[in-house]
Amino acid sequence: MITASLNNYRQSPRKVRLVADFVRGKKVERALATLGFFSKAAASPVKSVIESAIANAGENFKVAKDKLFVKEIRVDAGPTLKRLMPRARGTANRIKKRTSRITVILDEQNDLLKANEAKS
Numbered sequence: 482m483i484t485a486s487l488n489n490y491r492q493s494p495r496k497v498r499l500v501a502d503f504v505r506g507k508k509v510e511r512a513l514a515t516l517g518f519f520s521k522a523a524a525s526p527v528k529s530v531i532e533s534a535i536a537n538a539g540e541n542f543k544v545a546k547d548k549l550f551v552k553e554i555r556v557d558a559g560p561t562l563k564r565l566m567p568r569a570r571g572t573a574n575r576i577k578k579r580t581s582r583i584t585v586i587l588d589e590q591n592d593l594l595k596a597n598e599a600k601s
């Protein structure tokens, strides 16, 4: 199991999940090509986490890049920064600045997966 993660990324998990859902289950080469043209701010950090996982695969497991696919990509909520915004009559509202934890798990593509991909 080849993993890479990014902790405390300063964007809400809801926005990052839009990008993560787009690359889940794809081959890494196709996922990186797709993220290069994606117009969301979260595309860049998701792409860098996938590139880090690819580097981990080559360095630690000696797996070629063309055999890898995104088995799992998970976006969880990180710590929330709480700030105050001044309002009328001396009151204040609490603002929640949410953070995300991005975890990517890559796996080798075997013959069974290739057969399923050819059917669809």
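Sequential numbering from 482 applies to the sequence shown in the numbering used here.
Using N, Cα and C, we set each Cβ at its ideal position, and we do this for glycine too.
Start and end of the beta strand (DSSP E) containing residue i?
i, result
"PHE550", "549 to 558"
"ARG564", "562 to 567"
"VAL585", "581 to 589"
"ALA573", "573 to 578"
Helix or strand or just coil, what does DSSP make of residue i?
i, result
"LYS528", "helix"
"SER533", "helix"
"ALA538", "helix"
"ALA485", "strand"
"VAL504", "helix"
"LYS546", "helix"
Along the chain, where does the alpha helix (DSSP H) that runs through residue i open and close?
i, result
"ARG511", "509 to 517"
"ARG491", "Counting along the chain, ARG491 falls outside any alpha helix (DSSP H), and DSSP gives it neither H nor E."
What's the gap between the Cα of residue i and the Cα of residue j?
i, j, result
"ILE483", "THR561", "28 Å"
"SER533", "ALA569", "47 Å"
"GLU553", "ARG575", "34 Å"
"ASP588", "SER486", "15 Å"
"ARG579", "PRO526", "16 Å"
Give the C-beta separation of residue i and residue j to the nearest angstrom, bearing in mind that I take them to be a contact with Cβ-Cβ under 8 Å.
i, j, result
"LYS521", "VAL500", "5 Å"
"ILE583", "VAL530", "5 Å"
"VAL556", "VAL497", "5 Å"
"VAL551", "LYS507", "6 Å"
"ALA538", "LEU549", "6 Å"
Among the options, which one has its Cα closest to the Cα of residue i?
i, options, result
"GLN492", "ARG511, ASP502, ALA523", "ALA523"
"LYS546", "LEU487, SER525, GLN590, PRO526", "GLN590"
"ALA512", "TYR490, ARG495, PRO494, ILE535", "ILE535"
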